[in-house]
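Student:
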Amino acid sequence: MPGAGDGDWLLVVEALLKDTVGLGHAGYLAYHAACRRAHAGREPLPELTEVLQRQ
-12 MPGAGDGDWL LVVEALLKDT VGLGHAGYLA YHAACRRAHA GREPLPELTE VLQRQ
């Protein structure tokens, strides 16, 4: 594997994992906020896919 000995691949994998976790957290926060708005307005809870598509 080219470049396997230089350790750069580890930095790339670490950045990808951090981005994935960050996006998951942002999606959770968006869904939680949408649920709070629905609860306050006495509306049905939104579907997770709808909330994530809006983001």
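Using the working numbering, you'd call the opening residue of the sequence shown number -12 and step up by one each time. Beta carbons are placed, not taken as given, at the ideal position from N, Cα and C, and that holds for glycine.
(1) Using beta-carbon positions only, say whether G14 and L39 come within less than 7 Å of one another.
(2) Using a Cβ cut-off of 7 Å (strictly closer), state whether H26 contacts chain C.
(3) Quick one, which of E1, C22, L(-2) and D6 has its alpha-carbon nearest E37's?
(4) By the DSSP assignment, the alpha helix (DSSP H) with G11 in it spans what residues?
Tutor: Taking the coordinates as given:
(1) L39 is positioned such that its CB atom lies closer than 7 Å to that of G14.
(2) You won't find chain C in this structure, because it holds only one protein chain.
(3) The option with the nearest alpha carbon to E37 is C22.
(4) For G11, the enclosing alpha helix (DSSP H) starts and ends at D(-5) to A27.
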